[in-house]
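Before any comments, here is the structure.
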Amino acid sequence: MANVYVAGAGMTRVGRRSEPLQELMADAAHGALAEAGIERPGMVVVAAMNPEEFLGDGNFASNVATYLGLADTPAIRVETATSSGAAAFYASFAQVAAGLYQSVLVVGGEKMTHLLTPKVSEIIGRSIDPYERSYGATMPALAGLITRALLARKLVTPREIAQVAVKNHANAALNPYAHFQQAVTPEEVMESRMVAEPLRLLHCCPISDGAAALVLTAERGPVRVAGIGQGTDTLAVRHRESLTSFKANRMAARAAFQMAGFGPERVDFAELHDAFAPFELISLEDIGLVPPGKAGRVTLDGETARDGRLPINPSGGLKARGHPLAATGIAQIVECVWQLTRRVGARQVPGRVALAHSIGGLATNNWVTILEAA
Amino acid sequence: MKTVETRIPASRCPRCQAVVAPPASYCPWHPVAMTPTTVAGVGEIVSFTVLHSAPEGFRSPLNIAIVELEGGARFVCHGDETRGLKIGSSVAIEAIDDVYYFSHLGALERARLFWRRAGHAGDRANAIARSLAKRVWNRGPRGS
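Going line by line, the protein sequences match chains A and H. First residue of the first sequence? That's 1 in the numbering used here, and the numbers climb one at a time after it. First residue of the second sequence? That's 1001 in the numbering used here, and the numbers climb one at a time after it.
Take a look at the structure:
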């Protein structure tokens, strides 16, 4: 398989945005193309989880490509719920690796803040198994079930879960692209409003607008894609053997490290899918970045802080950078690329190998992407 | 004890014998048609939550649980009481207007249930012993 490189990256500030989604995606896309020094890519791959219901727009690959000024360029859309961005990156990688195109632009984005929160939750919740949804299950509800199981098995403590939010808010405070710019204390997290017992408001990511883009090339660029893996599981959470580990995480990590030809010990820092704070702890162990049963401890000990042995979510993660759904998987890789090329200023972490991890739905369609400074 | 007699429609995979409830046309893990079956509405709490921001069409607070049914399937249902409920707690499930609810089984109900379901004296003694052992075990960490 041919080497594939990331030649350019771009993203918008994440948060409550007034611009149309197409405008946000154009900003991110033109930023990535400019950085790559490419005016017209061979193909455009668009990631958007649900523009039909958030915005009322369909045929979204053509919609975005035309808006970008790339109406004459082949375009497709990729969707795997909340991991759509990572899946679109994979589709773009595959096009270049197969030799079908010399360069591919992948751009993802979502706009939701113009709708009321219950409506947004309901639309995102449509990615849940219909039977479970008929009992009122939402993403926070299912995450609450998982968090209760984690705590009951004493795999993590409430203080360790809170530390994920504290750490990621501290990182986001140094990220001008982040939704939240302020720090939070463990007490604020542990006393915030209950959402889905035992999960509280400050354990959950915000509803955000934003877009992110990357240009992948066959020609040598500053960052090489070392490995990509996909992991899957049943749509229904009730069919899972375990609630405290995600099979889709383990499967994605195994495939990605197999492609890379090395193991988790080579990873210097990572962006993990912390839509709910305990998911960062589950994923740290599932991916093999820390030994089983140690995720909470290493987090509390500061090993995953910006100045720790293994910085996790230097961008602030979904928790604090924000989670504009289909933008997220791409924004994680943008952060990795900018970190690997030493362009993030105060939040710079050292390292040559980065890992990005994205969860689709309630861990039904997950991705692990490994990037290496070329 | 009408509640313990609830039978829940389910389906079984002829390939891997997995049971899912409610029934599915195809096994989630094998592309083969499932066979209809039923499972008893009795099981153990795998996890539960109280949702304080219920989605459109539901009222907060909303109790949602995953229950491991004795027949093997895991089931999602509502419940009207979570006080004293723990992972591993025994519950009975009943349907009200086609919506399933769990209710916490007390020690007496649990003993009666095991008594009634055990086939003969030996099984009965075993069942009671297992029930007691489980209750002790449930005080320690336990989960899915």
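Yeah, the Cβ is synthetic: ideal placement off N, Cα and C, and Gly gets one too.
Measure the alpha-carbon distance for residue i versus residue j and round it to whole angstroms.
i, j, result
"Met259/A", "Pro1061/H", "46 Å"
"Glu53/A", "Pro20/A", "14 Å"
"Ala255/A", "Gly231/A", "8 Å"
"Pro130/A", "Val1099/H", "14 Å"
"Gly261/A", "Arg224/A", "14 Å"
"Glu1070/H", "Ser1090/H", "10 Å"
"Asp57/A", "Asn249/A", "32 Å"
"Pro1028/H", "Leu235/A", "9 Å"
"Pro176/A", "Thr113/A", "19 Å"
"Gln1017/H", "Ala1073/H", "11 Å"
"Val166/A", "Leu202/A", "9 Å"
"Ala326/A", "Asn3/A", "25 Å"
"Gly296/A", "Leu284/A", "9 Å"
"Ser1103/H", "His1052/H", "20 Å"
"Ala320/A", "Thr1006/H", "46 Å"
"Leu115/A", "Val46/A", "22 Å"
"Ser358/A", "Val106/A", "16 Å"
"Ser84/A", "Ala212/A", "12 Å"
With a threshold of 6 Å on Cβ separation, who are the neighbours of residue i within its own chain once the five nearest residues in sequence on each side are excluded?
i, result
"Asn59/A", "none"
"Gly229/A", "Ala252, Ala255, Ala256 and Val368"
"Leu243/A", "Ile146 and Ala149"
"Arg200/A", "Ser192 and Met194"
"Thr364/A", "Asp233 and Leu235"
Can you tell me whether residue i is buried or exposed? The criterion is at least 16 other CB atoms within 10 Å of its CB, across all chains shown.
i, result
"Met1/A", "exposed"
"Gly69/A", "exposed"
"His1120/H", "With a pLDDT of 44 at His1120/H, under the threshold of 50, the modelled position of that residue is not reliable, and the figure given next carries that caveat. Exposed."
"Arg1015/H", "exposed"
"Tyr1026/H", "exposed"
"Thr217/A", "buried"
"Ser134/A", "exposed"
"Asn366/A", "buried"
"Met11/A", "buried"
"Pro51/A", "buried"
"Asp286/A", "buried"
"Pro1055/H", "buried"
"Ile1081/H", "The sequence as given places Glu at residue 1081/H; Ile does not occur at that position. Result: exposed."
"Ile956/H", "The structure shown does not extend to residue 956/H, since chain H spans only 1001 to 1144, so no value can be given for it."
"Glu372/A", "buried"
"Gln22/A", "buried"
"Asp274/A", "buried"
"His1030/H", "exposed"
Only counting the same chain, and skipping five residues up and downstream in sequence, which positions put a Cβ closer than 7 Å to that of residue i?
i, result
"Ala71/A", "Ala65"
"Gln95/A", "Met43, Tyr101 and Val104"
**Message:** If the cut-off is 7 Å on Cβ atoms, which residues from the stretch 1070-1088 of chain H count as contacting chain A, listed in chain order?
**Reply:** Answer in chain order: Arg1074, Phe1075, Val1076, Cys1077, His1078 and Ile1087.
**Prompt:** Taking one C-beta from the stretch 308-319 of chain A and one from the stretch 328-345 of chain A each time, how about it: are there three or more such pairs within less than 8 Å?
**Reply:** Between the stretch 308-319 of chain A and the stretch 328-345 of chain A there are three or more inter-stretch CB-CB distances shorter than 8 Å, so the stretches are counted as touching.
**Message:** Along the stretch 188-204 of chain A, where does the CB come closer than 7 Å to a CB of chain H? Name the residues.
**Reply:** Listed by position along the chain: Met194, Val195, Ala196 and Glu197.
**Request:** Using a Cβ-Cβ cut-off of less than 9 Å, give me the residues of the stretch 131-146 of chain A that come near chain H, in sequence order.
**Result:** Answer in chain order: Tyr131, Glu132, Arg133, Ser134, Tyr135, Gly136, Ala137, Thr138, Pro140, Ala141, Leu142, Ala143, Gly144, Leu145 and Ile146.
**Prompt:** For the stretch 1038-1062 of chain H, which residues have a beta carbon sitting closer than 8 Å to at least one beta carbon of chain A?
**Reply:** Against chain A - using a Cβ distance shorter than 8 Å - the residues of the stretch 1038-1062 of chain H are Val1046, Ser1047, Phe1048, Thr1049, Val1050, Leu1051, His1052, Ser1053, Ala1054, Pro1055, Glu1056, Gly1057, Phe1058 and Leu1062.
**Item:** the stretch 351-362 of chain A / the stretch 263-277 of chain A touching (three or more Cβ pairs under 8 Å)
**Value:** Of all C-beta pairs linking the stretch 351-362 of chain A to the stretch 263-277 of chain A, three or more are shorter than 8 Å, placing the two stretches in contact.
**Prompt:** Taking three-plus beta-carbon pairs below 8 Å as touching, is the stretch 1028-1048 of chain H in contact with the stretch 1004-1019 of chain H?
**Reply:** Segment contact: the stretch 1028-1048 of chain H against the stretch 1004-1019 of chain H, three or more CB-CB distances shorter than 8 Å; contact assigned.
**Request:** Using a Cβ-Cβ cut-off of less than 7 Å, give me the residues of the stretch 1016-1040 of chain H that come near chain A, in sequence order.
**Result:** Within the stretch 1016-1040 of chain H, the residues whose Cβ lies closer than 7 Å to some Cβ of chain A are Val1020, Pro1022 and Pro1028, listed in chain order.
**Touching by the beta-carbon criterion (3+ pairs, under 8 Å), the stretch 21-34 of chain A and the stretch 86-93 of chain A** = When Cβ pairs closer than 8 Å are counted between the two stretches, the stretch 21-34 of chain A is seen not to touch the stretch 86-93 of chain A, the count staying below three.
**Prompt:** Given a limit of 9 Å on CB to CB distance, which residues of the stretch 110-124 of chain A reach chain H?
**Reply:** So the list reads Thr117, Pro118, Lys119, Ser121 and Glu122, given in the order they occur along the chain.
**Request:** Report yes or no: do three or more beta-carbon pairs, one from the stretch 143-161 of chain A and one from the stretch 1043-1058 of chain H, lie closer than 8 Å?
**Result:** Counting Cβ pairs under 8 Å, three or more are found: they touch.
**Asked** Is it a yes or a no for the stretch 337-347 of chain A touching the stretch 182-195 of chain A, going by three-plus beta-carbon pairs under 8 Å?
**Response** The stretch 337-347 of chain A is not in contact with the stretch 182-195 of chain A.
**Prompt:** Taking a cut of 7 Å between CB atoms, which residues from the stretch 239-252 of chain A lie near chain H?
**Reply:** Cβ contacts with chain H: His239, Ser242, Leu243 and Thr244.
**Request:** Please list the residues of the stretch 146-168 of chain A that have a C-beta atom closer than 9 Å to any C-beta atom in chain H, keeping them in chain order.
**Result:** Residues Ile146, Thr147, Arg148, Ala149, Leu150, Leu151, Ala152, Arg153, Lys154 and Leu155.
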